[in-house]
Each structure stands twice: as C-alpha cells, then as structure tokens.
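Novice: Here the UniProt record's numbering is used: the first residue of the sequence shown is 1, the next is one more, and so on. Every residue, glycine too, gets a C-beta built ideally from N, C-alpha and C. Predicted, not measured: the structure shown is a model, and the values here were computed from it. Below you'll find the structure I mean.
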Amino acid sequence: MCAKRSIRSQRKSYTEIVSIPKVTRHKWGISCVSCTVKIDKGALRAAPCGHYYCKSCILCMCRLALGDRALVPLRCCKKELPDDYVREALTRPGDYAKYQKLAMEKEWKKSDLESDAEYTETVKAIGAKQCPGCGIGVQRDFGCVHMACPNGHQFCFTCLSLWGSCRCSLIPEAELREILGE
C-alpha cells in the first residue's frame, strides 16, 4: 500500500507536465525533463517542443514503445521526437526495424475537418474514391479492383471494404465485357 501511495503522489497531471519549463537550467547545467538529472552535452537531446532529454531516458522511452504500440511515434508535447534519436537509442539487432514496423502499422485516423468536405467532393467529381483507412483519394483507371493507397491500406475499390473480405468481382463486369469485346 505504501509503495502505491508514493507512486501515485509522484504522478503528475498532463497540465503539470506541459507547464514544466522548456529548459531547466541549474548553475551546473541543463536537466532532463524526464529524470531531472543534469545532462552532459554529449548526452543532451532536444525535443522539437523545447524540452531536453538524456540518452538514457530516450532509450527507456524507445524500449517502452516497442512493447506498447500506442507510444509510437515517440512524442513530447504532442510533437514527434526526431527519428535519429530513436535509431541512435535502439542498437539491439531488430529493435529499430520493429519500431519502424510499428510506426508504419499505426492506425491512421480520418480527418473530420469541415474543410475536408471540399476535398471529398473533388475526389468524387473525378471518379476516384477515398481510402476507408485514411481518407486519401485513390483513382482507378482500369484493371483489378484491388487498391492500395500510398499509406499502405489495401481495399476493394468497388465496395471499399478491407481487401479480401468481400466477394466483389476482381474486374467489374462492364469492363470485362469491354475487354472481351462483347
């Protein structure tokens, strides 16, 4: 019980974390925003938001991310940490490749901005469809209805379901008749 209480008392709210000064300077140098230890110049890593991390904390964040997909990509104040930091930290064979795979497989979210309504109309007007995974416009000129958007989502152009989960014809009947000269 005591351990749980002390851990809870050490937890900080999001507001407390965000309000941490960008650079904690002491007369002896700069401190890591995560562990609060003084950082030597060689181990100093600046996040895009202005906070500073030590190499050890970045390594810890990377290892945690390998076990929890929700932490990929690594962020501070909602800004991605540079990929160079991740590559530098993940030196064990296969770790960086696993991190990259998690980053590539990260679920894409469709935007719900009102400004996207115009984009949707433009996509429809040119005979294209929006990828059900990420919303990007994809145009099909001819051939198979199996589509892959630039973000790697695969789907059926006819019904927009996940590729392989529908029973649509690989080539629409009208196109097949045209190809066969019927």
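(1) Tell me the DSSP secondary structure of L74 in three-state form.
(2) Where does R45 fall in DSSP's three states?
(3) From the DSSP secondary-structure annotation, give me the bridge partner or partners of L162.
(4) Does the segment 143-157 touch the segment 124-131, meaning 3 or more C-beta pairs lie closer than 8 Å?
(5) Any contact of the segment 170-180 with the segment 138-145, i.e. 3+ C-beta pairs under 8 Å?
(6) Do C57 and C32 count as a contact pair if the criterion is CB distance below 8 Å?
(7) Classify R167: buried if its beta carbon has 16 or more other beta carbons within 10 angstroms, exposed otherwise.
(8) Whole angstroms are fine: how far does the CA of G181 sit from the CA of K79?
(9) Quick check on DSSP: helix, strand or coil for C54?
(10) Relative to the alpha-carbon of K41, which residue among H51, I30 and G50 has its alpha-carbon at the smallest distance?
(11) Have a look at G164 and L66 and give me their C-alpha separation to the nearest angstrom.
(12) Have a look at Y99 and R45 and give me their C-alpha separation to the nearest angstrom.
(13) Leaving out five residues on either side along the sequence, give the residues of the same chain with a beta carbon under 7 Å from the beta carbon of S34.
Specialist: For this structure:
(1) On the sequence shown, residue 74 is found 74 positions in, with the first residue counted as 1. Secondary structure of L74 (DSSP, three-state): coil.
(2) Translated into positions along the sequence shown, residue 45 becomes position 45. It is a strand residue.
(3) What you label residue 162 is simply residue 162 of the sequence shown in a count that begins at 1. L162 has F155 as its beta-bridge partners, per DSSP.
(4) A contact exists between the segment 124-131 and the segment 143-157.
(5) These segments touch.
(6) Working through the sequence shown from its first residue, we reach residue 32 at position 32. Working through the sequence shown from its first residue, we reach residue 57 at position 57. Result yes, Cβ atoms of C32 and C57 sit closer than 8 Å.
(7) Walking along the sequence shown from the start, residue 167 turns up at place 167. Label assigned to R167: exposed.
(8) In the sequence shown, counting from the first residue as 1, residue 79 sits at position 79. In the sequence shown, counting from the first residue as 1, residue 181 sits at position 181. Put simply, the backbone Cα of K79 is about 56 Å away from that of G181.
(9) Counted from its first residue, the sequence shown places residue 54 at position 54. Here C54 sits in strand by DSSP.
(10) Position 41 of the sequence shown, counting from 1, holds the residue named residue 41. For K41, the nearest C-alpha among the options comes from I30.
(11) Looking up residue 164 in the sequence shown gives position 164. Looking up residue 66 in the sequence shown gives position 66. For G164 and L66, the distance between alpha carbons rounds to 29 Å.
(12) One-based indexing of the sequence shown puts residue 99 at position 99. One-based indexing of the sequence shown puts residue 45 at position 45. So the alpha carbons of these two residues sit roughly 19 Å apart.
(13) Indexing the sequence shown from 1 puts residue 34 at position 34. The beta carbon of S34 is closer than 7 Å to those of Y53 and C57 in its chain, skipping five residues each way along the sequence.
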